[in-house]
Amino acid sequence: MEERGKKTLTILLALLVLVSLVGTITIISEFSGLGDNFIQEVGGKVNLHVNPLPYDQNGKVGLTVVRVETN
Amino acid sequence: MAEISDKILIALVIVAIGVSIFGTVSTVSRLSGLGSITGQPFTSTPTGTANVTVPERTYITLTVSNIDFGDLDPTANNDTTDDLPPPFALRNDGTVNVNVTIKATDIFTAAGAGNPSSYYQFASRVDESGSVVNITTDLTTSLTNMAATSNTTAKVVSRFKFPAANDQVFIDIGLTVPADESAGVKSSTVTLTATKA
Numbered sequence: 038m039e040e041r042g043k044k045t046l047t048i049l050l051a052l053l054v055l056v057s058l059v060g061t062i063t064i065i066s067e068f069s070g071l072g073d074n075f076i077q078e079v080g081g082k083v084n085l086h087v088n089p090l091p092y093d094q095n096g097k098v099g100l101t102v103v104r105v106e107t108n
Numbered sequence: 085m086a087e088i089s090d091k092i093l094i095a096l097v098i099v100a101i102g103v104s105i106f107g108t109v110s111t112v113s114r115l116s117g118l119g120s121i122t123g124q125p126f127t128s129t130p131t132g133t134a135n136v137t138v139p140e141r142t143y144i145t146l147t148v149s150n151i152d153f154g155d156l157d158p159t160a161n162n163d164t165t166d167d168l169p170p171p172f173a174l175r176n177d178g179t180v181n182v183n184v185t186i187k188a189t190d191i192f193t194a195a196g197a198g199n200p201s202s203y204y205q206f207a208s209r210v211d212e213s214g215s216v217v218n219i220t221t222d223l224t225t226s227l228t229n230m231a232a233t234s235n236t237t238a239k240v241v242s243r244f245k246f247p248a249a250n251d252q253v254f255i256d257i258g259l260t261v262p263a264d265e266s267a268g269v270k271s272s273t274v275t276l277t278a279t280k281a
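Note that the protein sequences, when read in sequence, are chains A and B.
Numbered by my numbering, the letters in the first sequence go through residues 38 to 108 in order.
Numbered by my numbering, the letters in the second sequence go through residues 85 to 281 in order.
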């Protein structure tokens with residue numbers, strides 16, 4: 038076999054090895070999770086509004102002014 | 085460039101063949117575990133056998149995922165045990181019974197009101213009867229201090245069933261506003277994590 042042909046063949050074989058390795062690793066990693074005990078998370082929200090203080094007995098914001106008069 | 089010997093070429097061919105065989109065997113063995121469908125497509129006999137394996141899937145859904153307590157005054161409290169406001173509704177849509185843990189971000193900023201504290205609590209109860217194996221031991225029936233986000237073991241429901249007729253529970257939330265909590269909108273993200281029971 039001519040030397041140039043050998044070099045081309047060598048490169049092609051090296052590429053074949055590389056592609057095979059990458060393919061194998063990819064397939065194995067893709068399927069490695071199947072059948073495992075999956076953990077799943079879901080999220081919810083809790084909301085409220087805290088009223089400001091001070092507030093009066095009717096729930097209105099602000100101080101209730103009580104006027105006291107003495108004679 | 086130095087000459088490439090035939091030995092190197094032969095070695096590369098052997099390596100390539102080896103990797104290909106390894107890849108093929110690995111792939112076939114992985115795929116065969118998924119539940120194969122077998123038959124006899126080339127026979128003239130119109131019978132066959134189909135086998136399927138239902139995989140184990142852990143899948144839960146919050147059918148009610150938002151609780152709004154509206155306005156609350158400092159020191160006031162409210163909870164969802166009377167369905168006012170409605171609690172979280174959690175459904176097991178998977179193919180196995182699951183255990184569920186709960187954790188949440190802090191909702192209050194007052195000193196001492198971070199999770200876990202009595203200002204923010206949770207509990208659980210069945211919505212559809214028979215949704216857990218044992219109603220006494222698999223639920224958190226009394227309001228319990230909410231777990232911090234760093235906690236991954238606070239159980240809220242265990243052995244939560246998946247069959248559609250009995251696969252929904254309520255997650256109750258209780259709040260008490262600290263006396264020195266600042267006014268304004270408060271929010272917390274609750275995370276429920278399911279694993280196979």
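Glycine is no exception: its CB is placed at the ideal position from the N, C-alpha and C atoms.
Treat the numbers as computed from the prediction; the structure is a model and nothing was measured.
Hey, would you say residue i sits closer than 8 Å to residue j, going by beta carbons?
i	j	result
Thr195/B	Val261/B	Contrary to the premise, residue 195/B reads as Ala rather than Thr in this sequence. Contact flag unset, no.
Ser272/B	Asp190/B	yes
Val274/B	Ala188/B	yes
Phe172/B	Ile255/B	yes
Val148/B	Ala281/B	no
Val87/A	Leu156/B	yes
Mind listing the chain A neighbours of residue i? Cutoff is C-beta to C-beta under 9 Å, in chain order.
i	result
Ala232/B	Here the premise fails: no neighbours, minimum Cβ distance about 15 Å.
Alpha carbon to alpha carbon, what distance is there between residue j and residue i?
i	j	result
Thr61/A	Ile98/B	17 Å
Thr277/B	Gln205/B	17 Å
Asp211/B	Val136/B	33 Å
Leu50/A	Thr111/B	22 Å
Met230/B	Ser113/B	45 Å
Ala134/B	Glu140/B	19 Å
Thr225/B	Pro169/B	18 Å
Gly72/A	Ile48/A	Here Gly72/A scores only 49 on pLDDT, less than 50, and its place in the model is too uncertain to base an answer on.
Asn183/B	Pro130/B	45 Å
Ala238/B	Val59/A	42 Å
Which word fits residue i, buried or exposed, when buried means at least 16 other C-beta atoms lie within 10 angstroms of its C-beta?
i	result
Gly119/B	Per-residue confidence for Gly119/B stands at a pLDDT of 49, beneath the threshold of 50, marking its modelled position as unreliable; the derived number appears in the next sentence. It is exposed - the Cβ of Gly119/B has fewer than 16 other Cβ atoms within 10 Å.
Val269/B	exposed
Val241/B	buried
Ala248/B	exposed
Arg41/A	exposed
Val56/A	exposed
Asp163/B	buried
Ala263/B	exposed
For residue i, go through chain B and note every residue whose CB falls closer than 7 Å to its CB, in chain order.
i	result
Thr45/A	Per Cβ cutoff of 7 Å: no residues; Thr45/A is ~10 Å from chain B at best.
Going by Cα to Cα distance, which pick from the options is closest to residue i?
i	options	result
Ser215/B	Asp177/B, Lys91/B, Ala232/B, Ile257/B	Asp177/B
Ile186/B	Val87/A, Leu90/A, Pro89/A, Glu78/A	Glu78/A
Gly80/A	Thr145/B, Thr220/B, Pro169/B, Ser201/B	Thr145/B
Chain B partners of residue i, CB-CB under 8 Å?
i	result
Glu78/A	Thr275, Leu276, Thr277, Ala278
Ser57/A	Ala100, Val103, Ser104, Gly107
Starting from residue i, find everything on chain E with Cβ-Cβ shorter than 9 Å and list it in chain order.
i	result
Arg243/B	Protein chains A and B are contained in the structure displayed, whereas chain E is not.
Output, in chain order, the set of chain A residues within a Cβ distance shorter than 7 Å of residue i.
i	result
Lys239/B	Residues of chain A passing the Cβ test: none, with the nearest at roughly 15 Å.
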